[in-house]
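Some notes on the structure that comes next.
Chains as they are written, first to last, in our numbering: chain C, 1 to 113; chain V, 1001 to 1113.
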């Protein structure tokens, strides 16, 4: 049983560019949450997707957007990248009835130069 | 507003001695509380959770935590530290009215041989 997978593992982008990160949830899970973890800090909640819709959003600008597909996989898009967007981006999956019990992927390390 | 405070950024103990990682929260509602662990270059893993059942919660790898409402605390303990426990530990709170998880800044546990 595959756990949560994320791609790519590492990514280097230039300021102003756009990036797309991908996540496949654990088998049987239908809810996907995205987090940003800056170096030395705890994860910050970006948003959560369920039934292909954004269910809740944290304190992130509109440059951060997402999508969930019918197979429950998800994408995180970040436009107009800033140096401050450099971080580890974590995807977590859960079930609708236990959204608090989240299973995390290994993350995508984004570096913006 | 809800928040989580991990009182120590670093905790260093000798192998075989007890571990105590401290966490305080503020909440206007009945919270659900969690501890997650993040080993270097690995994804976040749920250690244990409190969701208004027994106040003493047992988790994986010999860890346990006690919910104390009067002290608004949820400290993580282990009787005897092992080298493999060296990692970053995060205290997390979820409000009943909210899907969002609020994360502490993390405590780095260092185990001395």
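Positions of the beta carbon are idealized from the N, C-alpha and C atoms, including for glycine.
These numbers come from a predicted model, not from an experiment.
Where does residue i fall in DSSP's three states?
i                       : result
residue 26 of chain C   : coil
residue 1014 of chain V : strand
residue 101 of chain C  : strand
residue 83 of chain C   : helix
residue 1061 of chain V : helix
residue 1070 of chain V : helix
residue 7 of chain C    : strand
residue 1026 of chain V : strand
residue 1009 of chain V : coil
residue 1080 of chain V : coil
residue 43 of chain C   : coil
residue 14 of chain C   : coil
residue 1031 of chain V : strand
residue 111 of chain C  : strand
What residues match up with residue i in a beta bridge as DSSP calls it?
i                       : result
residue 77 of chain C   : C:20 and C:65
residue 1046 of chain V : V:1036
residue 90 of chain C   : C:35
residue 56 of chain C   : C:48
residue 1089 of chain V : V:1037 and V:1107
residue 1003 of chain V : V:1026
residue 96 of chain C   : Note: residue 96 of chain C sits in no beta bridge, so no partner.
Between residue i and residue j, how many whole angstroms is the CB-CB distance? I'm expecting something under 8 Å.
i                       : j                       : result
residue 1033 of chain V : residue 1074 of chain V : 4 Å
residue 1037 of chain V : residue 1021 of chain V : About 10 Å; that fails the 8 Å criterion.
residue 64 of chain C   : residue 46 of chain C   : 6 Å
residue 74 of chain C   : residue 49 of chain C   : 6 Å
residue 5 of chain C    : residue 105 of chain C  : 6 Å
residue 1114 of chain V : residue 107 of chain C  : Past the boundaries of the shown model lies residue 1114 of chain V; chain V is included only from 1001 to 1113, so the question cannot be answered.
Next on the checklist: If contact is defined by three or more beta carbon pairs under 8 Å, each pair taking one atom from either stretch, is the segment 3-15 of chain C in contact with the segment 106-113 of chain C?
Outcome noted: Between the segment 106-113 of chain C and the segment 3-15 of chain C there are three or more inter-stretch CB-CB distances shorter than 8 Å, so the stretches are counted as touching.
Checklist entry - For the 8 Å Cβ check, are there 3 or more pairs between the segment 77-97 of chain C and the segment 1081-1088 of chain V? => result No contact exists between the segment 77-97 of chain C and the segment 1081-1088 of chain V.
Checklist entry - Would you call the segment 36-49 of chain C and the segment 1022-1029 of chain V touching, i.e. three or more CB-CB distances under 8 Å? => result No, the segment 36-49 of chain C does not touch the segment 1022-1029 of chain V.
Checklist entry - What residues in the segment 1069-1095 of chain V bring their beta carbon closer than 7 Å to a beta carbon of chain C? => result 1090 and 1094: these are the residues of the segment 1069-1095 of chain V whose beta carbon lies less than 7 Å from some beta carbon of chain C, given in chain order.
Item to check | Segment contact flag, the segment 28-35 of chain C with the segment 84-91 of chain C, C-beta cutoff 8 Å, min 3 pairs | outcome: Enough Cβ pairs lie closer than 8 Å, so yes.
Checklist entry - Using Cβ-Cβ distances below 9 Å, what residues of the segment 1029-1055 of chain V are close to chain C? => result Of all residues in the segment 1029-1055 of chain V, those with a C-beta nearer than 9 Å to a C-beta of chain C are 1032, 1034, 1036, 1038, 1041, 1042, 1043, 1044, 1045, 1046, 1049 and 1051, reading in chain order.
Item to check | Contact between the segment 2-12 of chain C and the segment 1062-1077 of chain V (3+ Cβ pairs under 8 Å) | outcome: Because the criterion of three Cβ pairs below 8 Å is not met, the segment 2-12 of chain C and the segment 1062-1077 of chain V do not touch.
Checklist entry - Which residues, in chain order, does the segment 90-108 of chain C contribute to contact with chain V at a C-beta distance below 9 Å? => result Residues passing the 9 Å Cβ filter: 90, 92, 99, 100, 101, 102, 103, 104, 105, 106 and 107.
Next on the checklist: I'd like to know if the segment 1007-1014 of chain V and the segment 47-67 of chain C are in contact, where contact means that at least 3 CB-CB pairs between them fall below 8 Å.
Outcome noted: The segment 1007-1014 of chain V and the segment 47-67 of chain C do not touch, with fewer than 3 CB-CB distances between them shorter than 8 Å.
Checklist entry - What residues in the segment 51-69 of chain C bring their beta carbon closer than 7 Å to a beta carbon of chain V? => result Residues 55, 56 and 58.
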